[in-house]
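>
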Amino acid sequence: MRTTFKKIALLAVSISFFMVSCSSDDDNESVSQGVFENGIFITNEGNSALSTASISFIAEDGTVEQDIFRAINPNAEELGTYLQDMFFDDTRAFIISGSANKITVVDRYTFQYIATISTNINNPRYGVVENGKAFIVNQADWSTGADDYVTVVNLLNYTTSTIALEVSSDRITKANGKVYVSNGYYGSGNSVSVINPATNVVEDVIDLGAGNSPSTLQEKNGVLYVLAGAEIFKINTVDNLISGSTAIPTTIERPKNLTIADSKIYFTGNSTSVYATELNATTVSSTAILSYTSTSAYGPMYGFAVNNGKIYISDGGDFASDSKAYVYSTSGSLLNTHTVGVGPNGFYFN
Numbered sequence: 124m125r126t127t128f129k130k131i132a133l134l135a136v137s138i139s140f141f142m143v144s145c146s147s148d149d150d151n152e153s154v155s156q157g158v159f160e161n162g163i164f165i166t167n168e169g170n171s172a173l174s175t176a177s178i179s180f181i182a183e184d185g186t187v188e189q190d191i192f193r194a195i196n197p198n199a200e201e202l203g204t205y206l207q208d209m210f211f212d213d214t215r216a217f218i219i220s221g222s223a224n225k226i227t228v229v230d231r232y233t234f235q236y237i238a239t240i241s242t243n244i245n246n247p248r249y250g251v252v253e254n255g256k257a258f259i260v261n262q263a264d265w266s267t268g269a270d271d272y273v274t275v276v277n278l279l280n281y282t283t284s285t286i287a288l289e290v291s292s293d294r295i296t297k298a299n300g301k302v303y304v305s306n307g308y309y310g311s312g313n314s315v316s317v318i319n320p321a322t323n324v325v326e327d328v329i330d331l332g333a334g335n336s337p338s339t340l341q342e343k344n345g346v347l348y349v350l351a352g353a354e355i356f357k358i359n360t361v362d363n364l365i366s367g368s369t370a371i372p373t374t375i376e377r378p379k380n381l382t383i384a385d386s387k388i389y390f391t392g393n394s395t396s397v398y399a400t401e402l403n404a405t406t407v408s409s410t411a412i413l414s415y416t417s418t419s420a421y422g423p424m425y426g427f428a429v430n431n432g433k434i435y436i437s438d439g440g441d442f443a444s445d446s447k448a449y450v451y452s453t454s455g456s457l458l459n460t461h462t463v464g465v466g467p468n469g470f471y472f473n
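Residue numbers for the sequence shown, in this note's numbering: 124 to 473.
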């Protein structure tokens, strides 16, 4: 049946009204950048089998997607085994594979593959982006720190250069326009290197004193907090001088995983416990916020993070099958348990 002119005119008015309404709504809504825009990535270290290294994603509603890189990029080269770390710039995620000696670059919101960086990479550990460059710590030969170095990646074209450290090094962070590297690994080393990201030169080395091997470090309000041995050191990022330190009680063994959130320092100790202290506190309480039970021989508290009022813990399990990630409140209440991949070792918040 032919439509009458009157009906067409009425339909046109209705469509026009609908389009104006939608346009008005859209102006007040942000456009999604991708399916992984809001949530948590978990790097699953895996083992020597290529298929065991993966990345899980926990969405805002608590659902877990497994092995998202392979799901999004079925024809891309594998990430490699022993995933170590993931770090970001505004639009990209950089995934470090320790045994494959490469960095896989993906879109941080869609996880679409972009590039692979493999030149000047040898046993990479952790990375950070500053001044349009990626800085990645490499341990090279595991048996000595004399050959450790930082790879510098130009993020415009992924070309690389290196900065010699010549001392055992591991973690890396940025603060006040500089890059800081913890010169310590399994008890060796006792300093922090300061890199000028404009010149790619080590401009200072901060001595923490004998026996103070730095493990983790993070900046807050112009102060770099470094967990080294059984102390938390405070370094002024303007002049790189140590402004003080706080001793950790001897009853807390093997402190590590320093993380700052909501003006508090969180760290782990005694294998499966979490502790906290105020940024300006002069003492640290020996009372744990929480403790959990682990049957893992080598992976208790294998991953740790604090974000948005929640504590995240992953357990290494048996490093052969899928393991668990736990979400707690900062008061120590268990909120959720997720099944993730093999050897989960890190949380990254999008």
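No residue lacks a Cβ here, since even glycine has one placed at the ideal position from N, Cα and C.
Nothing here was measured: the structure is a model prediction, and the numbers come from that model.
Do N473 and G159 have their beta-carbon atoms positioned less than 7 Å apart in this structure?
Along the sequence shown, read from residue 1 onward, the residue named residue 159 stands at position 36. Along the sequence shown, read from residue 1 onward, the residue named residue 473 stands at position 350. A small fix is needed here, since residue 159 is Phe in this sequence, not Gly. Yes, the Cβ-Cβ distance between F159 and N473 is below 7 Å.
> Got a sec, what are the start and stop residues for the beta strand (DSSP E) F356 sits in?
Looking up residue 356 in the sequence shown gives position 233. Where F356 is concerned, the enclosing beta strand (DSSP E) stretches over E354 to N359.
> Rounded to whole angstroms, what is the Cα-Cα separation between E253 and I388?
Translated into the one-based positions of the sequence shown, residue 253 becomes position 130. Translated into the one-based positions of the sequence shown, residue 388 becomes position 265. Cα to Cα, E253 sits roughly 24 Å from I388.
> Applying the criterion that 16 or more other CB atoms from any shown protein chain within 10 Å of the CB defines a buried residue, is V361 buried or exposed?
Mapped onto the sequence shown, residue 361 falls at position 238. V361 is exposed by the Cβ-count criterion.
> Is it buried or exposed for T175, if we count other Cβ within 10 angstroms and need 16 for buried?
Position 52 of the sequence shown, counted from the start, is the residue given in the question as residue 175. Buried, since its Cβ has 16 or more Cβ neighbours within 10 Å.
> Where does F234 sit, in a helix, a strand or coil, going by DSSP?
Locating residue 234 in the sequence shown gives position 111, counting from the first residue. Coil.
> Given a cut-off of 7 Å on the beta-carbon distance, is the pair S396 and S414 in contact?
Here residue 396 refers to the residue found at position 273 of the sequence shown. Here residue 414 refers to the residue found at position 291 of the sequence shown. Closer than 7 Å, so yes.
> Would the beta-carbon of G157 fall within 7 Å of that of T233?
Within the sequence shown, the letter at position 34 stands for residue 157. Within the sequence shown, the letter at position 110 stands for residue 233. Yes. Within cutoff.
> Going by Cα to Cα distance, which pick from I178, I434 and S417 is closest to D441?
Against the sequence shown, residue 441 aligns to sequence position 318. For the residues I178, I434 and S417, the minimum Cα distance to D441 belongs to S417.
> Quick one: residues in its chain with C-beta nearer than 8 Å to the C-beta of R294, no 5 flanking neighbours on either side, listed in chain order?
Position 171 of the sequence shown holds residue 294. Same-chain partners within the cutoff: R248, Y249, V260, V304, S305, P337, S338, T339 and L340.
> Would you mind reading off the limits of the alpha helix (DSSP H) that contains I244?
In the sequence shown, residue 244 corresponds to position 121, counting from 1. Neither: I244 is in no alpha helix (DSSP H) and is coded neither H nor E.
> What are the boundary residues of the alpha helix (DSSP H) that includes I195?
Numbered from its first residue, the sequence shown carries residue 195 at position 72. That run of the alpha helix (DSSP H) goes I191 to I195.
> Is it right to say Y421 is buried, meaning 16 or more other beta carbons lie within 10 angstroms of its own, or is it exposed?
Within the sequence shown, the letter at position 298 stands for residue 421. Result: exposed.
> Could you give the first and the last residue of the continuous beta strand (DSSP E) run that contains R215?
Within the sequence shown, residue 215 is the residue found at index 92, counting from 1. R215 to S220 is the span of the beta strand (DSSP E), which, as asked, contains R215.
> With distances taken from CA atoms, which of D184, A353, G255 and I365 is nearest N459?
Position 336 of the sequence shown holds residue 459. The residue with the shortest Cα to Cα distance from N459 is D184.
> Between which residues of its own chain and D264 is the CB-CB distance below 7 Å, once the five residues before and five after are set aside?
If you number the sequence shown from 1, residue 264 lands on position 141. Closer than 7 Å at the Cβ level, and outside the excluded window around D264, lie D270.
> Out of G426, D213 and I434, point me to the one whose CA is closest to V229's CA.
Against the sequence shown, residue 229 aligns to sequence position 106. Among G426, D213 and I434, the Cα nearest to that of V229 is on D213.
> If you draw a straight line from the alpha carbon of R377 to that of T410, how long is it in whole angstroms?
Counted from its first residue, the sequence shown places residue 377 at position 254. Counted from its first residue, the sequence shown places residue 410 at position 287. In a straight line, the C-alpha of R377 is about 15 Å away from that of T410.
> Given a threshold of 16 other Cβ atoms within 10 Å of its Cβ, counted over all protein chains shown, does V290 qualify as buried or as exposed?
Within the sequence shown, numbered from 1, the residue matching residue 290 stands at position 167. Buried, by the Cβ-count rule.
> Measure the C-alpha to C-alpha separation of T400 and N246 and round it to an integer number of angstroms.
Mapped onto the sequence shown, residue 400 falls at position 277. Mapped onto the sequence shown, residue 246 falls at position 123. Whole-angstrom Cα-Cα distance: 34 Å.
> Measure from the alpha carbon of Y236 to the alpha carbon of each residue in K447, E201, N196 and D208, then state which is nearest.
As a working mapping, residue 236 is identified with position 113 in the sequence shown. Checked all of K447, E201, N196 and D208; the closest Cα to Y236 is N196.
> So, I286 versus V276, is the Cβ gap smaller than 7 Å?
Locating residue 286 in the sequence shown gives position 163, where the first residue counts as 1. Locating residue 276 in the sequence shown gives position 153, where the first residue counts as 1. Not closer than 7 Å, so no.
> Under three-state DSSP, which class holds D148?
Taking the first residue of the sequence shown as 1, we reach residue 148 at position 25. Because D148 sits at a pLDDT of 44, beneath the cut-off of 50, its placement in the model cannot be relied upon, and the following sentence gives the value as read from the coordinates. Residue state, collapsed to three classes: helix.
> Can the beta-carbon of T166 be found closer than 7 Å to that of G469?
Start at 1 with the first residue of the sequence shown, and residue 166 comes out as number 43. Start at 1 with the first residue of the sequence shown, and residue 469 comes out as number 346. Yes, the pair counts as a contact, with Cβ atoms nearer than the cut-off.
> For H461 and S171, I'd like the C-alpha separation in whole angstroms.
In the sequence shown, residue 461 corresponds to position 338, counting from 1. In the sequence shown, residue 171 corresponds to position 48, counting from 1. One C-alpha to the other measures close to 24 Å.
> Counting only the same chain and skipping the five closest in sequence on each side, list residues whose C-beta sits under 7 Å from that of G455.
On the sequence shown, residue 455 is found 332 positions in, with the first residue counted as 1. Here the set comprises I412 and L413.
> Report buried or exposed for N380, applying the criterion of at least 16 other Cβ atoms within 10 angstroms of its Cβ.
In the sequence shown, the residue the question calls residue 380 occupies position 257. Result: buried.
> Would you mind reading off the limits of the beta strand (DSSP E) that contains Y451?
Taking the first residue of the sequence shown as 1, we reach residue 451 at position 328. It spans K447 to S452 - the beta strand (DSSP E) in which Y451 sits, taken as one unbroken run.
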